[in-house]
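Chemist: Sharing a structure here in structure tokens format.
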Amino acid sequence: MRKRVLIYSTAYLPLIGGAELAVKELTERLGDYDFDLVTAKIKSGLPSKEQIGRVTVYRLGLGWGIDKLWLAMAGGRFGCRLHRHNNYHLIWSIMASYGGLAALQLKKSLPKVPLLLTLQEGDDLKTVERKMKLAGRRFRQLFAKADYVQTISHYLAQWAKRMGATAKIEVVPNGVDLKTFGCQQEKLNLPVEPAIFTASRLVYKNGLDDLIKSLKWLPESVNLRIAGTGPEEFKLKNLAGELALDARVKFLGDLSPKQVAEELSRASVFARPSRSEGLGNSFLEAMVAGVPVVATLVGGIPDFLSPGESGFAAEPDNPESIAGQIKFILDPANQEKVWQVVNHARELVKQQYDWDKIAQQMATIFNQLIIK
């Protein structure tokens, strides 16, 4: 008999984030399981039910931001109704958020069904805890009631312990689609006009304001290309204008994975000076594409970035430090060292962050929980 898994996620495709993309990548590869997913609608115009890949998606709410609260309050009861028809073998909570509170509610109603908590948080963890204060004791109960906790970084594993998780905690990172990002040609010569590329949500925690400011310390021939959208977009465009850098900064909007891979093939440097980070898939994509990476050593980034070995480290909230690392990479005198780092980073990602291998690790966790 095929096993059925009920996923709870505060948001899901077409709303794009690292956690949502991870669910898509994993469910496409876990062919021995059937998946349903309960989420908040959040955006008007999205259907209440649809099939996305191998996942049947149920959206609760009317298409407003407040739908997240409705998910937390009503998602468990909705899951109970689904369970009567589908007899789920596993409850899977993606992040300790509103969807997680719904998963906890269902777990209390179905104590014999195992609960897997996956932590993908990229925001500052104190901010996450502050946002979830309204949930009261239920927020910590989610960690305590989980039968297994999977985190994408050691940083988040430590957080799970602090929040009271008593079950086994295992670090299984997000991965990279090597077919999309791992087939780039090596850049034997730098482009005539060096280009910095970054891909992320345009939010404060990703430090893109500092990346724009760093251009002041770089030659005028160096341009910045930014992929992504988000609430900080207007501020970032204004900042580029105020600093007279708008001619050197190009906002590309949301790009498909194929388009991101094309941008990486033309980039001299990938940079994202994050203020917080759960892991950071975009860094891994750049690394396997053969692009030197500049990052800050915050959150889960040290899991894969060792300064001078697999990437280059700048200080958080320090545009001049960011520029210094980019200058080092672009300096022809340093190209032998840069390519040593690039080659080491590429092999690291191929060995440890291939989605096919990650899916096998997740299948092992699923089987352990369902067999219990």
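Each residue of the sequence shown is one higher than the one before, starting from 180 at the first, in the numbering used here. Yeah, the Cβ is synthetic: ideal placement off N, Cα and C, and Gly gets one too.
1) Check each candidate in I505, L397, A281 and P352 and name the one with the smallest Cα separation from D533.
2) Work out the CA separation of K437 and E421 for me, nearest whole Å.
3) Using only the alpha-carbon positions, how far apart do Q547 and A314 sit?
4) Using CA atoms only, rank isn't needed, just tell me which of W518, K228, L509 and A190 is closest to S400.
5) What does DSSP give as the partner residue(s) for E229 in the beta ladder?
6) Where does the unbroken alpha helix (DSSP H) through R445 begin, and where does it stop?
7) Determine, using beta-carbon pairs with one atom in the segment 343–361 and one in the segment 422–433, whether at least three such pairs fall under 8 Å.
8) Taking the straight line between their C-alpha atoms, what separation do you get for L369 and A538?
9) Over what stretch of residues does the alpha helix (DSSP H) that includes G315 continue unbroken?
10) Which residue marks the beginning of the beta strand (DSSP E) containing D294, and which one marks its end?
11) Taking DSSP as the reference, what is the three-state secondary structure of T189?
12) Measure from the alpha carbon of F257 to the alpha carbon of each residue in V439, M466 and L185, then state which is nearest.
13) Give the DSSP-derived three-state secondary structure of R341 in the structure shown.
14) State the start and end residues of the unbroken alpha helix (DSSP H) segment that holds D388.
15) Take every Cβ of the segment 245–256, pair it with every Cβ of the segment 209–223, and state whether three or more of those distances are shorter than 8 Å.
16) Just list the alpha helix (DSSP H) runs in the segment 456–530, keeping only unbroken ones of 4 residues or longer that don't cross its boundaries, in chain order.
17) Could you give the residue range of the alpha helix (DSSP H) that holds Y267?
18) What does the alpha-carbon distance come out to for the pair Y277 and L269?
19) In the structure shown, what three-state DSSP assignment does G432 receive?
20) Please report the straight-line C-alpha distance between E515 and V521, rounded to a whole angstrom.
21) Could you give the distance in angstroms between the alpha-carbon of R317 and the alpha-carbon of F360?
22) Does the Cβ of I550 have 16 or more other Cβ atoms within 10 Å, making it buried, or fewer, making it exposed?
23) Is the segment 478–494 touching the segment 372–383 in the sense that three or more CB pairs, one from each, lie closer than 8 Å?
24) Is D213 near R181, with beta carbons less than 9 Å apart?
25) Leaving aside the five residues before and after H262 along the sequence, list all residues of the same chain whose C-beta is less than 6 Å from its C-beta, in chain order.
26) Taking the alpha helix (DSSP H) that A275 falls in, what are its first and last residues?
Modeler: So, to answer that:
1) P352
2) 33 Å
3) 30 Å
4) L509
5) V236
6) P436 to R445
7) no
8) Residue confidence is low: L369 scores 46 on pLDDT, short of 50, so the model does not pin down where it sits. Its coordinate-derived value is still stated next. C-alpha separation (whole angstroms): 36 Å.
9) G315 -> no alpha helix (DSSP H), and no H or E assigned at all.
10) Note on residue identity: the sequence assigns Leu, not Asp, to residue 294. Looking at the DSSP string, the run of the beta strand (DSSP E) that includes L294 is L294 to L298.
11) Secondary structure at T189: coil, using DSSP grouped into helix, strand and coil.
12) L185
13) Secondary structure of R341 (DSSP, three-state): helix.
14) L387 to S393
15) At 8 Å Cβ cutoff, the stretches touch.
16) Here the runs fully enclosed are 460–467 and 498–509.
17) Run containing Y267: none; DSSP gives neither H nor E here.
18) Each residue's Cα considered, the two are about 18 Å apart.
19) strand
20) Straight-line Cα distance between these residues: approximately 10 Å.
21) 40 Å
22) exposed
23) no
24) yes
25) none
26) Neither: A275 is in no alpha helix (DSSP H) and is coded neither H nor E.
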